[in-house]
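Worksheet: the structure to be examined is printed underneath.
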Amino acid sequence: MVAKMIYDVLASFTCPRTITFKDWRLGFTHKALMAAIVSYVCWNLFSSQLFLVDSVPLGLVSIWPTSEYNGSLGVANYREARETFYEEYTSARKRDKTYRYCDNKKYSYYYDANYDYRDISCALWQEEQVPAKGESQMFFTTFVQENSVSYVTVDPDFDGKCDRDMFVKAGIDEELCPKHGEVSHSLGRCYCRNTRNMFVAAAENMTLNMEHKYMAMYGEGFLPRTIIRVEGSLENLHEFQPGETLAVPVLKILEFLGANLDEVYDPKVNPDDATLRLKGMQVTAKLQYYNYHQAPGFEKQKDGKPGETICILEFSQQDMWASMGNNPEYSVTTAHKGGFVDRYRYGIKVVIQASGIISTVDLMFMVNTVIQGLVLLNIAVVATQMIAFYALGDRSKMYKEQGNETASFEREAARFAVQSIVAGHVFHLLDEDKSGALDQQEVFEAIKRHIEGSGLTEEEMDTLASFVIHQAELDSEQWGENGQAGVIELAEWDNLFTSGHADFHSLSRMIKHLDKQEASFLLDRAKSFRQSLGRGYGSIGSKNV
1 MVAKMIYDVL
11 ASFTCPRTIT
21 FKDWRLGFTH
31 KALMAAIVSY
41 VCWNLFSSQL
51 FLVDSVPLGL
61 VSIWPTSEYN
71 GSLGVANYRE
81 ARETFYEEYT
91 SARKRDKTYR
101 YCDNKKYSYY
111 YDANYDYRDI
121 SCALWQEEQV
131 PAKGESQMFF
141 TTFVQENSVS
151 YVTVDPDFDG
161 KCDRDMFVKA
171 GIDEELCPKH
181 GEVSHSLGRC
191 YCRNTRNMFV
201 AAAENMTLNM
211 EHKYMAMYGE
221 GFLPRTIIRV
231 EGSLENLHEF
241 QPGETLAVPV
251 LKILEFLGAN
261 LDEVYDPKVN
271 PDDATLRLKG
281 MQVTAKLQYY
291 NYHQAPGFEK
301 QKDGKPGETI
311 CILEFSQQDM
321 WASMGNNPEY
331 SVTTAHKGGF
341 VDRYRYGIKV
351 VIQASGIIST
361 VDLMFMVNTV
371 IQGLVLLNIA
381 VVATQMIAFY
391 ALGDRSKMYK
401 EQGNETASFE
411 REAARFAVQS
421 IVAGHVFHLL
431 DEDKSGALDQ
441 QEVFEAIKRH
451 IEGSGLTEEE
461 MDTLASFVIH
471 QAELDSEQWG
481 ENGQAGVIEL
491 AEWDNLFTSG
501 HADFHSLSRM
511 IKHLDKQEAS
521 FLLDRAKSFR
531 QSLGRGYGSI
541 GSKNV
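Be aware that the sequence shown starts at 1, since it is given in full-length UniProt numbering, and climbs by one per residue.
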């Protein structure tokens, strides 16, 4: 029994039934929707290049500063700009005039006693002092606050009156203890403190240089074609050819960003803020690598081919106090004297980042996209079905009944009973020997009489009769009945003759399992029919018929 069940499962195939509605309105609608969906899937597949698998590249960057630049972005020379600045600054001082940002009160900024940026002079630094290289960043100093602290030890019975002469006698130079330094006594020492605020003259004339390469799962390269843009724009501001080292003057970066060191970041929002030359600013430089024409602005060139790998160098500006933190330099310290100078730098911090999309063709991605398209085709079926069921007037009622078959136990049982009456009548007509069963010969003779002219030979008709007998025997085996071999009895004939989903066995089980309330309802209803017929209701002709 178990083996037979397993065989039946393995040797059978189940598929959903389909219904074909012969209606040109539904046919054209369905085909139009399918064509639209297929067109969309194909367009989306190739326009969005959904057959590509992506990887995020790792950018490897070498950066260094230089003081001279003379190229396609113009000219920038820190030394010459510093010398020119010095000459003009000296000339202005001789006339007792301020020069640009040096000793200019417009650039002063006071936050509190710890952050007092007033009385700002200018410093003429060497080109080696201005930049500072960090981890994936380059810093260009525009402002420095220099705090000097020196001390000399005093005797325990010291009266507490410290003066600058004590530092001069101890051999401490004027850089650590200038004439206007603040002298105080604490911890058994005399201290001399001083703060100086200085702008680094012409710092924006330095140049940022870099060499970069990318490594990704699906490719790598060194110094690809590089295009400069600013964040949020597709305008190409400058282009470096493949293999060309990137060199961008700081003043050009500021020009790209529309930033001015001598102004505040946003004069409308915070007009009293410190100028960018004082507080500094952060500039993010994103190196974004692309192939298959996936770079923003290159979408129209997509053709399914890898194309040239390009890099988009995108600059963006962030408003912040950009600094390098404390940098103390200690003087020679002995048991009786010592000191240090701490230079706290603010300036332009250029932070390097790398990202992008490097792709390659993946067959499985294409297959997945096609599968998703096939799923979308079901939308055409659902939409057309809704039109068939609800939008075609009287036809929709018929289409809905055909498409959504309603199962009712009572109706199926009634239909089976009616068909069984007809089947029984036919059975008794064919059972000429009144044996209560039809053998293959009787079935053959019936087929021969009633389908004459069909074109079937007697051998083929006999085969049909064999099918009838064989199917009846299979039904008997299914229900565990041991009927006569080679013949079909009335119950088996009825099960073959009726076209519904019910049969004698299923009806018998269902009737036995009716609940009391439903069984009582059906019996009462049957009694009412009998009483009505007894009074003449529902009869045909006279009572004597």
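All C-beta atoms in this analysis are idealised placements derived from N, C-alpha and C, irrespective of residue type, glycine included.
Report all residues from its chain with a CB closer than 6 Å to the CB of residue i; omit the five preceding and five following residues, and keep chain order.
i, result
"residue 227", "236, 239 and 312"
"residue 77", "68"
"residue 145", "197 and 344"
"residue 61", "210, 212 and 352"
"residue 127", "67 and 78"
"residue 462", "444"
"residue 142", "200, 203, 277 and 347"
So, with DSSP's three-state summary, where would you put residue i?
i, result
"residue 541", "Unreliable placement is indicated for residue 541, whose pLDDT of 46 sits below 50; no coordinate value is reported for it."
"residue 337", "strand"
"residue 547", "Residue 547 falls outside the range modelled here, since the chain spans only 1 to 545, and no answer is possible."
"residue 389", "helix"
"residue 198", "strand"
"residue 231", "coil"
"residue 304", "coil"
"residue 359", "strand"
"residue 381", "helix"
"residue 456", "coil"
"residue 2", "helix"
"residue 420", "helix"
"residue 269", "coil"
"residue 42", "helix"
Leaving out the 5 sequence neighbours to the left and right, which residues in its chain are closer than 7 Å to residue i when beta-carbon positions are compared?
i, result
"residue 430", "438, 442 and 446"
"residue 541", "Only weak support is given to the placement of residue 541: the predicted model assigns it a pLDDT of 46, under 50, and the question is left unresolved by the model."
"residue 44", "50"
"residue 464", "447"
"residue 109", "117, 274 and 278"
"residue 160", "185"
Considering only C-alpha positions, which residue in the set the options is nearest to residue i?
i, options, result
"residue 422", "65, 241 and 496", "496"
"residue 251", "51, 207, 223 and 220", "207"
"residue 24", "164, 384, 296 and 124", "384"
"residue 466", "166, 94, 440 and 451", "440"
"residue 132", "324, 426, 436 and 450", "324"
"residue 154", "417, 110 and 188", "188"
"residue 411", "299, 75, 73 and 502", "502"
"residue 297", "321, 305 and 233", "233"
"residue 330", "175, 81, 508 and 170", "175"
"residue 342", "248, 468 and 195", "195"
"residue 315", "257, 511 and 433", "257"
"residue 369", "6, 5 and 52", "52"
"residue 490", "363, 419 and 111", "419"
"residue 435", "6, 391, 509 and 488", "488"
"residue 333", "272, 275, 399 and 171", "171"
"residue 294", "450, 399, 362 and 48", "48"
"residue 266", "318, 449 and 114", "318"
"residue 428", "494, 396 and 485", "494"
What are the boundary residues of the beta strand (DSSP E) that includes residue i?
i, result
"residue 295", "Residue 295 -> no beta strand (DSSP E), and no H or E assigned at all."
"residue 239", "238-240"
"residue 493", "Unbroken run through residue 493 is the alpha helix (DSSP H), 490-497; no beta strand (DSSP E)."
"residue 143", "137-153"
"residue 62", "58-66"
So, at 8 Å on beta carbons, what are the nonlocal neighbours of residue i in its own chain, with the 5 sequence-adjacent residues on each side left out?
i, result
"residue 224", "214, 242, 289, 308, 309, 310 and 311"
"residue 33", "379, 380, 383 and 384"
"residue 121", "102, 103, 196, 197, 198 and 199"
"residue 270", "264"
"residue 366", "45, 50 and 51"
Counting along the chain, where does the alpha helix (DSSP H) carrying residue i start and finish?
i, result
"residue 451", "Note, residue 451: premise wrong, no alpha helix (DSSP H); not H, not E."
"residue 179", "Segment: none, residue 179 is in no alpha helix (DSSP H) and carries neither H nor E."
"residue 289", "First-last for residue 289: 281-290, but that is the beta strand (DSSP E), not the alpha helix (DSSP H)."
"residue 252", "250-257"
Output yes or no for whether 8 Å exceeds the beta carbon distance between residue i and residue j.
i, j, result
"residue 617", "residue 349", "This structure does not reach residue 617, given that the chain is present from 1 up to 545, and the question cannot be answered."
"residue 339", "residue 148", "yes"
"residue 55", "residue 216", "yes"
"residue 560", "residue 88", "This structure cannot settle anything about residue 560, because the visible part of the chain is limited to 1 through 545."
"residue 336", "residue 152", "yes"
"residue 200", "residue 92", "no"
"residue 107", "residue 229", "no"
"residue 46", "residue 304", "yes"
"residue 291", "residue 249", "no"
"residue 65", "residue 166", "no"
"residue 354", "residue 74", "no"
"residue 376", "residue 41", "yes"
Is there at least one Cβ from chain D nearer than 8 Å to residue i's Cβ?
i, result
"residue 188", "Here chain D cannot be found, since the structure has a single protein chain."
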